[in-house]
Amino acid sequence: MSGNLKNRYLLVLKSLSKVEIKNQLGFGRIAKGAFYLYISTLITSVLGYVFWFIVSKLTSPNIVGLASTAVTIATIAHAFTMLGIPTGIQRFLGKAYAKNDTNILKSYFTTGFTILTLTSGFFACILIFLSGWLANFTGLPVTLLIVAGLLTFTSSIYPIFYALFISTLQTKLIMYVNLSASISRLTVGILLILAGLGALGIMLGYLTLSIISLAAYLILTLKFIGPPKPNFNLKRGVELFKAGSVNWLPAIISILGLQLGVLVVYGFHGAFQAGLYFIAYAIAGIVLAIPSSLFGVMFPVLSGMEDGREKASWKATKLTLTIVVPIALALTVYSKNILSFFGPNYIDAWLPLTILLIAVAPFAMVQGVNILAYASGLYSLVLILGVSISLPRTLLYIVLTPLFGGVGAAEAFLAGTITGLVCMVYIGKKIGAILDGYSLALIFLPPSIIGVILYLVDVWWIVGVPLILAVSLFIYTRLKIMDKKDVEEVARSFLSEKMFKVGVEKFSWIIRILYGE
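With this note's numbering, letter number 354 in the sequence shown gets 898, and the count goes up by one each step, no holes.
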């Protein structure tokens, strides 16, 4: 491992361990890591959009529904396989890397790698073995289910590598892996669809993405910490299972509920409605990825901190909300325009999309408190918070989806987020999390008011979307919700000192407009 990389990570931890978080470079590097992580997610999502957009033009909603249902089955099997380890291990990898202890880092990593290799192989074999029975039960072709089994195996191993590179702030590498894998999915999937394979071509495209990701991570890990030799340390394994289980159980419930949304829509309302809901959730997922990215990077960093976790967590939450609230409002107001790009048939998904977008901001707030409790080792509270979200959501999926289709599935998703928000307030007070109601009001009100006005006036979306974002930014900066020092800190982390000074000179007028200075 590079000594410079270790020193940079140590600098991040030392700066954030101060209660006042005075070292501006530290938060800037975290923001930079989160940026690359989000870009990597965005690459996957956007190229996934392109993939599904082309698929929607080349095939019918029925084919989309078949493929999305098969992907859903693989996703459910994947959730059982993971045991929560890729999330839980980040707490230990972050601590080990902060202490510059390569041996402990390797021990945790190889233990996690061994466990996931065994569990993924086990669940993949079960899925393939039961493919005939599942085909009769779901109406899906056996070939799709066999590919789903292979997808379960490959997609359940590489997340452990993903966790390693997040914990060591090497998120740029994740971005490169996602780019190459997503391009491979797009290329292989479209070619196979053109060859007449239909839903099978879509599934093989997904399998290609998973295989390329696994191969790329293996190569990068060889250069980073050496070969991930199979090794099981019982003590480390127990620690990983303990840390992972509090995330795994809620994740299982949540994934079951979320993916049951697609399956139940497919079963009760047909492939067309399943395809509509799948597209709506894919769009909302782009916005949901923003808080997931920032808090994903913050979690291992917070785990290695001595103190100051509360202020660091609130700072990340506030930054996240200033980004996602205006974006979610803009997409909500112009949801029909966004969906029209997929074709006239997909405009009917505007209501599920709108409901899902409403859940974005509460989701971000819940995640801020969740990583604070997780990083502090308060596993029981993490479990309670996770179950408070996933259990109501899953139960409502079962009740609402047969009745209302995609709209019911979206309502269940939102309801689970709201119950989690209520639980988050209780847990936040219990662990001393910072929840500034005044700041939250200033974040939510401006874009909401602007969005309502533009909707009532029926402003063209090409004008309306930038207007919501620009006016929100202006208000946030003028009210000091988005601190000037934080903006400078993030800019310095991306630019050389020379480029930063040149940028300040050339764009000083923008700074004066935003901050009135």
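Each residue gets a CB set at the ideal place from its N, CA and C atoms; glycine is no exception.
Quiz prompt | Cβ contact check for the segment 686-694 and the segment 602-620: 3 or more pairs under 8 Å | solution = As far as the Cβ criterion goes, the segment 686-694 touches the segment 602-620, which means the pair count is three or higher.
Quiz prompt | Contact check, A760 vs V732, beta carbons under 7 Å | solution = Result no, Cβ atoms of A760 and V732 do not sit closer than 7 Å.
Self-check item: Residue burial classification, S924 (beta-carbon count within 10 angstroms, cutoff 16)
Solution: Burial call: exposed.
Quiz item: Smallest Cα separation from W596: which of I942, I746, D892, T712?
Solution: With distances taken between Cα atoms, W596 lies closest to I746.
Quiz item: By the 10 Å Cβ neighbour count, where 16 or more other Cβ atoms means buried, how is K862 classified, buried or exposed?
Solution: Result: buried.
Exercise. Provide the residue span of the alpha helix (DSSP H) that contains Y702, from first to last.
Key: For Y702, there is no enclosing alpha helix (DSSP H), as DSSP marks it with neither H nor E.
Quiz item: In or out: M792 buried (at least 16 other Cβ within 10 Å) or exposed?
Solution: The question names Met, but residue 792 is Trp in the sequence shown. By the C-beta density criterion, W792 is buried, having at least 16 other C-beta atoms within 10 angstroms.
Exercise. Express the C-alpha separation of L708 and W677 in angstroms, rounding to a whole number.
Key: Straight-line measurement puts the Cα of L708 at about 37 Å from the Cα of W677.
Exercise. Specify, as a first and last residue, the run of the alpha helix (DSSP H) that I1006 falls within.
Key: Here the alpha helix (DSSP H) through I1006 covers 1005-1022.
Self-check item: Straight-line Cα distance separating T938 from A621
Solution: If I take the Cα positions, the gap works out to 16 Å.
Quiz item: Should Y878 and V1003 be called a contact, given that it needs their Cβ atoms to be closer than 7 Å?
Solution: Not closer than 7 Å, so no.
Self-check item: beta strand (DSSP E) runs contained entirely in the segment 840-893, provided each spans 3 or more residues
Solution: Fully enclosed beta strand (DSSP E) runs of 3 or longer: not present.
Quiz item: Which residues bound the alpha helix (DSSP H) around N644?
Solution: Secondary structure note for N644: it is in no alpha helix (DSSP H), with a DSSP letter that is neither H nor E.
Quiz item: How many whole angstroms separate the CB atoms of S821 and A953, which I take to be in contact at a CB cut-off of 8 Å?
Solution: Per the sequence shown, the amino acid found at residue 821 is Tyr instead of Ser. About 6 Å; that satisfies the 8 Å criterion.
Quiz item: Which runs of the alpha helix (DSSP H) fall wholly inside the segment 893-934 and span at least 4 residues, in chain order?
Solution: Counting only runs of 4 or more, we get 894-902, 904-919.
Exercise. Taking L929 and I971 to be in contact with their CB atoms under 8 Å, please state how far apart those CB atoms are, rounded to whole angstroms.
Key: About 6 Å; that satisfies the 8 Å criterion.
Practice problem: Given a cut-off of 7 Å, decide if G638 and S726 are closer than it, judged by their beta-carbon atoms. | Solution: Inclusion of S726 and G638 in the CB contact set at 7 Å is not warranted, their separation being larger than that value.
Self-check item: Backbone secondary structure at Q634 - three-state DSSP
Solution: DSSP places Q634 within a helical segment (H, G or I) once states are collapsed to three.
Practice problem: In the DSSP assignment, find the unbroken alpha helix (DSSP H) run with P991 in it and report its ends. | Solution: Counting along the chain, the alpha helix (DSSP H) containing P991 begins and ends at 981-1001.
Quiz prompt | Span separating the alpha-carbon of G592 from that of T625 | solution = Whole-angstrom Cα-Cα distance: 24 Å.
Quiz prompt | the segment 599-613 touching the segment 852-859, judged by at least three CB pairs closer than 8 Å | solution = Inter-segment contact for the segment 599-613 and the segment 852-859 is absent: fewer than three beta-carbon pairs are separated by less than 8 Å.
Quiz item: Helix, strand or coil: how does DSSP classify S604 here?
Solution: In the structure shown, the three-state DSSP call for S604 is coil.
Self-check item: Range of the contiguous alpha helix (DSSP H) that encloses N493
Solution: In the structure displayed, the chain extends from 545 to 1061; residue 493 sits before or after that span and is not available.
Quiz item: With DSSP run on the structure shown, which of helix, strand or coil describes T655?
Solution: Assignment of T655 by DSSP, reduced to helix, strand and coil, places it in the helix class.
Practice problem: Have a look at N914, I915, P703, L627 and flag the residue whose alpha-carbon is nearest the alpha-carbon of K786. | Solution: K786 has its Cα closest to that of L627, out of N914, I915, P703, L627.
Exercise. Please determine, among P990, L916, S934, the residue with the shortest C-alpha to C-alpha distance to I871.
Key: Measuring from the Cα of I871, the nearest candidate turns out to be P990.
Quiz prompt | Whole-angstrom C-beta distance between L940 and A959, which should lie under 8 Å | solution = Going by Cβ atoms, the distance from A959 to L940 rounds to 5 Å, so yes, they are a contact pair.
Practice problem: Please confirm if the segment 695-703 is in contact with the segment 679-687, defined as three or more CB-CB distances below 8 Å between the two stretches. | Solution: No contact exists between the segment 695-703 and the segment 679-687.
Quiz item: Grouping DSSP H, G and I as helix and E and B as strand, with all else coil, what is A739?
Solution: Residue state, collapsed to three classes: coil.
Self-check item: A640 and S837 closer than 7 Å at C-beta
Solution: Contact flag unset, no.
Practice problem: Tell me whether K1050 is buried or exposed, calling it buried when 16 or more other Cβ atoms sit within 10 Å of its Cβ. | Solution: Around the beta carbon of K1050, fewer than 16 other beta carbons lie within 10 angstroms, which makes this residue exposed.
Practice problem: Indicate the three-state DSSP secondary structure (helix, strand or coil) for T712 in the structure shown. | Solution: Correct three-state label for T712: coil.
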